[in-house]
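Student: Quick note: the sequence shown, position 193, residue 192 per numbering that gives the first Met the number 0, numbers continuous. We put the CB at the ideal spot given by N, CA and C, even for glycine.
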Amino acid sequence: MEPNSSFPLNGTIPDRLSGWKQPLYVQCLLIIGYGAVFLLNIVGNPLVCLVVVKNKNMRNVTNFFIVNVAVSDFFVGGICMPFTLVNNLKAGWVFGEVMCTLLPMMMGMAVVGSVYTLVAIAVDRYLAVMKPTDGKLSSKATSAIIATIWVLACVVMVPSAVKARYKDEDGHPTCSETWPSLESKQAYSMSLFVICYVVPLSAITGLYLRAGIRLHTRSARRNRSAERIAQLPNRSQPDNRLSNNVRIFRMMVAVVALFASLHLPLWVATLLNDFATPTRELFEVLYTYVYPVAHWLTYANSCVNPILYAFLNRNFRQGFLKAFVSAKKSRRVENPRVDCNGKDGHAKQDRARCRLTIETPYDSRLRRTTPATPATAVDEVPNIGGATTRSSTPPSAAENKCVAQI
0 MEPNSSFPLN GTIPDRLSGW KQPLYVQCLL IIGYGAVFLL NIVGNPLVCL
50 VVVKNKNMRN VTNFFIVNVA VSDFFVGGIC MPFTLVNNLK AGWVFGEVMC
100 TLLPMMMGMA VVGSVYTLVA IAVDRYLAVM KPTDGKLSSK ATSAIIATIW
150 VLACVVMVPS AVKARYKDED GHPTCSETWP SLESKQAYSM SLFVICYVVP
200 LSAITGLYLR AGIRLHTRSA RRNRSAERIA QLPNRSQPDN RLSNNVRIFR
250 MMVAVVALFA SLHLPLWVAT LLNDFATPTR ELFEVLYTYV YPVAHWLTYA
300 NSCVNPILYA FLNRNFRQGF LKAFVSAKKS RRVENPRVDC NGKDGHAKQD
350 RARCRLTIET PYDSRLRRTT PATPATAVDE VPNIGGATTR SSTPPSAAEN
400 KCVAQI
């Protein structure tokens, strides 16, 4: 049985069907690297979705596509990555027959969904630049495009699931794709490379190149006509629109460039595995070191997009900060107790507005069960000699709050 080919999550090194693939220090480095990416992924991508959902001013076509990319990235880094890490460390297949079929397909679908969503964003930005008045996509069109992307992703990855085979021979489980011939396997791998990498990135490059040329032309024209345009009453609107397009354009170019560079090593390893002359030395290098690092780079792409949004997009940056501030405030509200002894910084301000009272346990219980009206409230305060003094001053809300805490 030949090692797995397309989206190689589960190949095994010949004659090494059990045990660990790397030395201990390499395993530790991989665990740390994968763990960091996993944490950034499960925090950053849900945060992107939350910011868009919570802020009405960010509910536009581009951001809906960005949410779809975040969902794809979370699927890759939050669900598939733990399985890939274990499989890259341990020889053999330890997840059973069901995951042998599902895991390569799930990762492939997420990658296809992500890259073609980037194509959709490129089309949206192209229309926004080339046809700023009538080139906007409707919400129905956006939903239809997203649904079509996921259907396409499923169709593209069906052969990988159909050809996946799980075997357990002499207690050594393996999972790989079984094809009728080497040529058929190579044809499928090359088709995936063209459909999932070459075609979408070529389309994105062409769209952004034309849009970038148009933006550069408009910017130069605006600079040459600055004095004349400054006299127009509605000058700020086209200027703001142009600046906004430039910012979004730069952000998405950075996203696509990272996608292309971080996914390329895994494609190179896949094609090398399928087209190179099979030798033990080649498989040793591929499955011990190349695939773990290439997979890590692919998964790293799933966590860098939120970081790019935070650095390159002011709206996302403000949304992230607002989400963190809201979370911090909610933790404070969960425990609003005031320390009248002054140990808490906020309680010192409340204590300055309070008149501290010393009550016996009997008085404290009596006050809770027999509330008085503000006009007739009476405070009984024992003095040092044991007598009590009465005050007809109505208790303030701050006083009641402090009394309740004593």
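For Gly43, count neighbouring Cβ atoms within 10 angstroms of its own Cβ and tell me buried if that reaches 16, exposed if not.
Tutor: By the 10 Å Cβ count, Gly43 comes out buried.
Student: Mapping the DSSP letters down to three states, classify Ser175 as helix, strand or coil.
Tutor: Ser175: strand per DSSP, three-state reduction.
Student: What residue range does the alpha helix (DSSP H) around Arg279 cover?
Tutor: Note, Arg279: alpha helix (DSSP H), 279-284.
Student: Using a Cβ-Cβ cut-off of 6 Å (strictly less than) and excluding sequence neighbours within five positions of Phe64, which residues of its own chain qualify?
Tutor: Closer than 6 Å at Cβ, skipping near neighbours: Thr116, Ala119, Ile120.
Student: Does DSSP put Tyr361 in a helix, in a strand, or in coil?
Tutor: Annotation note: pLDDT 44 at Tyr361 (below 50); position unreliable, coordinate value reported separately. The answer is helix: DSSP assigns Tyr361 an H, G or I state.
Student: With contact counted as at least three CB pairs below 8 Å, one residue from each stretch, are the segment 293-312 and the segment 65-73 in contact?
Tutor: Counting Cβ pairs under 8 Å, three or more are found: they touch.
Student: According to DSSP, is Arg58 part of a helix, a strand, or is it coil?
Tutor: Three-state result, Arg58: coil.
Student: For Val252, which residues of its own chain have a beta-carbon under 7 Å away from its beta-carbon, when the five flanking residues on both sides are left out?
Tutor: Closer than 7 Å at the Cβ level, and outside the excluded window around Val252, lie Tyr207.
Student: Nearest by alpha-carbon distance to Leu102: which of Phe37, Val51, Asn56, Glu176 is it?
Tutor: Leu102 has its Cα closest to that of Glu176, out of Phe37, Val51, Asn56, Glu176.
Student: Give the single residue among Val60, Lys321, Ile78, Leu23 whose Cα lies nearest to the Cα of Asn40.
Tutor: When only C-alpha atoms are compared, the closest one is Ile78.
Student: With which residues is Lys184 paired in a DSSP beta bridge?
Tutor: BP columns for Lys184 are empty, so no partner.
Student: Where Val50 and Phe248 are concerned, what is the direct C-alpha to C-alpha distance, given to the nearest angstrom?
Tutor: Their backbone Cα atoms lie some 20 Å apart in a straight line.
Student: Tell me the rounded alpha-carbon separation between Ala146 and Ser138.
Tutor: So the two alpha carbons sit approximately 12 Å from each other.
Student: Could you give the C-beta distance for Ala160 and Met104, rounded to a whole number, given that I count them as a contact under 8 Å?
Tutor: Right, their Cβ atoms sit about 4 Å apart.
Student: Using a Cβ-Cβ cut-off of 6 Å (strictly less than) and excluding sequence neighbours within five positions of Pro264, which residues of its own chain qualify?
Tutor: Cβ neighbours of Pro264 beyond the five flanking positions: Ala293, Leu296.
Student: Would you be able to state if there are at least three C-beta pairs under 8 Å between the segment 52-64 and the segment 302-319?
Tutor: Counting Cβ pairs under 8 Å, three or more are found: they touch.
Student: Checking the sheet assignment: what are the DSSP bridge partners for Ala35?
Tutor: Answer is none; Ala35 lacks a bridge partner.
Student: Near Ala109, what residues of its chain come up, given a Cβ to Cβ distance below 8 Å and the 5 sequence neighbours on each side ignored?
Tutor: Result list for Ala109: Ser71, Asp72, Phe74, Val75, Cys79, Ala152, in chain order.
Student: In this structure, does DSSP put Gly18 in helix, strand or coil?
Tutor: Gly18: coil per DSSP, three-state reduction.
Student: What does the alpha-carbon distance come out to for the pair Phe323 and Leu46?
Tutor: The straight-line gap from Cα to Cα measures roughly 10 Å.
Student: Please tell me whether Asn243 has its Cβ less than 8 Å away from any Cβ of chain D.
Tutor: The structure shown has no chain D; it contains just one protein chain.
Student: When burial is assigned at 16 or more other CB atoms within 10 Å of the CB, is Met129 buried or exposed?
Tutor: Label assigned to Met129: exposed.
Student: Determine the DSSP secondary structure at Lys139, reduced to helix, strand or coil.
Tutor: Note: Lys139 maps to helix in three-state DSSP.
Student: For Ala163, list the residues DSSP reports as bridge partners.
Tutor: Ala163 is bridged to Glu176.
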